[in-house]
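With the UniProt record's numbering applied, the sequence shown covers 1 to 400. All C-beta atoms in this analysis are idealised placements derived from N, C-alpha and C, irrespective of residue type, glycine included. Step one of this worksheet: look at the structure below.
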Amino acid sequence: MTNLSEASTPRVRGATASVERSLLEAAGLRPGELPGQGTRVVVGLSGGVDSAVTAWLLKAQGYEVVGLFMKNWEDDDDGEYCSTRQDWLDAASVADVIGIDIEAVNFAAEYRDRVFAEFLREYSAGRTPNPDVLCNAEIKFKAFLDHAVRMGAARIATGHYARVRTVGEGAAVRHELLRGVDPGKDQSYFLHRLSQAQLARAMFPLGGLHKRQVREIADRLGLPNAKKKDSTGICFIGERPFREFLNRYLPTRPGPILTEDGKKVGEHVGLAFYTLGQRKGIGIGGTKQGSGDPWYVARKDLESDTLHVVQGHDHPWLMSTRIESDHAHWIAGEPPADDGALTARTRYRQADSACRLAQVEGERFVLEFPQPQWAATPGQSAVLYRGEVCLGGGLIAAAR
């Protein structure tokens, strides 16, 4: 373990007591109350501002906080797209200023076996996976959690914008995953595969805050990464061009690009490099015909290696009212009752839509929507909600 400070004071170095007190009050906490006293919590410190503020909030409430920095990818130590070294330095600097210990752990082998291998399998099969969903279930709340328990932790915490609510007592106790209060940052969609056991140990201190509040806390505390930009893109790819990265691992199999009436308008570089609803990067932007509207990827035919495109955002080929999903996971341990109040998201940035849970058979389920859904993409997650409660979901298998 890298000991960065003796953590002899609950105060952030350089911050005044009055500043910390006002920030705690603004976050809905009562200064001086120490509900976490005697409880060890391991915080996933990524080097970003969210995890930094998470660690400070917990320490200010009396928790024994230890930072854990995860290295999940081995091939990012060099090159212009690498950020791991700088992220580690930022995380260590934050730990030093807050006054907590920090340890670095390498989960690269687990990540390759449990996340990246599945990522490649899905793309090879013509689907578009969301590795962040699998990473949360298999790495951050499994490998990370197991490691934290070996460190003597009672709980783990991350900088996710989500909440956990515990209801019931005794044998009837259960844990609910709730949306974060900031609708623009809510990350419950990415956490929908967590189990009751995982939620029982998880803490999300930022779930009740808006991003602007988190930035303000970091700035007023003088945290060294207060101005750091949020990370974007898939965690192991970083900021590098996606096609460039994928091309290193998957073979290119060119094929025709056809319109809905069968006219060839170009050639694609490989179906794995395209996703339903994609507009940019198709390679036919200069084609002048039909309605003149932008082209969108609408279908992928693996048998003939054909990419089908249509014109117009709301083309019927892009819309569906029935979505079939598999690999279902229900947070409560069983499918939700369809009480007429269910909504679903079929992609992260999409607004919730009213739906009906029309069929459930084992790990498969069918959703029906009164309003057509745009570009429901096989491999992405269909996630169900009842109000602010995330109920679980599954992987989209087909849509029509």
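Contacts around residue i, its chain only, beta-carbon distance under 7 angstroms, and the 5 residues preceding and following it disregarded
i: residue 28; result: 208
i: residue 57; result: 27, 205
i: residue 141; result: 194, 198, 202
i: residue 333; result: 196
Nearest-angstrom Cα separation, counted from residue j out to residue i
i: residue 201; j: residue 269; result: 45 angstroms
i: residue 388; j: residue 327; result: 23 angstroms
i: residue 85; j: residue 251; result: 30 angstroms
i: residue 77; j: residue 191; result: Note on residue 77: pLDDT 49, under 50, position unreliable in the model; the coordinate value appears next. Each residue's alpha carbon lies about 28 angstroms from the other.
i: residue 253; j: residue 305; result: 8 angstroms
i: residue 257; j: residue 267; result: 5 angstroms
i: residue 385; j: residue 179; result: 9 angstroms
i: residue 102; j: residue 298; result: 47 angstroms
i: residue 62; j: residue 39; result: 8 angstroms
i: residue 134; j: residue 115; result: 6 angstroms
i: residue 283; j: residue 241; result: 16 angstroms
i: residue 394; j: residue 155; result: 27 angstroms
i: residue 225; j: residue 83; result: 14 angstroms
i: residue 37; j: residue 355; result: 44 angstroms
i: residue 301; j: residue 261; result: 15 angstroms
i: residue 185; j: residue 175; result: 21 angstroms
i: residue 214; j: residue 231; result: 15 angstroms
i: residue 171; j: residue 400; result: 42 angstroms
i: residue 35; j: residue 183; result: 28 angstroms
i: residue 392; j: residue 126; result: 24 angstroms
i: residue 307; j: residue 122; result: 17 angstroms
i: residue 255; j: residue 352; result: 36 angstroms
C-beta contact flag for residue i and residue j at 8 angstroms
i: residue 52; j: residue 65; result: no
i: residue 206; j: residue 50; result: yes
i: residue 198; j: residue 271; result: no
i: residue 248; j: residue 273; result: no
i: residue 187; j: residue 160; result: yes
i: residue 88; j: residue 69; result: yes
i: residue 47; j: residue 91; result: yes
i: residue 278; j: residue 293; result: no
i: residue 73; j: residue 108; result: yes
i: residue 153; j: residue 41; result: yes
i: residue 318; j: residue 296; result: yes
i: residue 157; j: residue 177; result: no
Neighbourhood of residue i by C-beta, 8 angstroms cutoff - its chain only, sequence neighbours within 5 removed
i: residue 396; result: 323, 324, 325, 346, 376, 377, 378, 379, 380, 381, 382
i: residue 19; result: 220, 221
i: residue 314; result: 374
i: residue 228; result: 47, 48, 49, 90
i: residue 173; result: 166, 167
i: residue 342; result: 336, 354, 355, 356, 357, 384, 385, 386, 391
Cβ-based neighbour list, residue i, same chain, cut-off 6 angstroms, excluding 5 preceding and 5 following
i: residue 321; result: 369, 372
i: residue 181; result: 208
i: residue 366; result: 324, 358, 359
i: residue 93; result: 224
i: residue 132; result: 190
Environment of residue i [buried if 16+ CB atoms lie within 10 Å]
i: residue 95; result: buried
i: residue 22; result: exposed
i: residue 263; result: exposed
i: residue 361; result: exposed
i: residue 129; result: buried
i: residue 136; result: buried
i: residue 165; result: exposed
i: residue 44; result: buried
i: residue 138; result: buried
i: residue 275; result: buried
i: residue 67; result: buried
i: residue 401; result: Summary: the structure shown does not reach residue 401, with the chain confined to residues 1 through 400, and so no result is reported for it.
Margin query: For a minimum of 4 consecutive residues, which ranges assigned as the alpha helix (DSSP H) are wholly contained in the segment 175-243?
Written below: 196-201, 211-221
Next item on the list: Any chance you could list the alpha helix (DSSP H) runs of at least 4 consecutive residues sitting entirely within the segment 48-99, in chain order?
Entry: 49-60, 84-98
Check: Which parts of the segment 277-326 are runs of the beta strand (DSSP E), unbroken and 3 residues or longer, counting only runs that do not cross its ends?
Finding: 295-301, 306-311
Check: What runs of the beta strand (DSSP E), each 3 residues or longer, lie entirely inside the segment 335-388?
Finding: 342-345, 356-361, 364-374, 381-386
Item checked: 3-residue-minimum beta strand (DSSP E) runs that sit fully inside the segment 85-170, ordered along the chain -> 101-106, 155-157, 162-167
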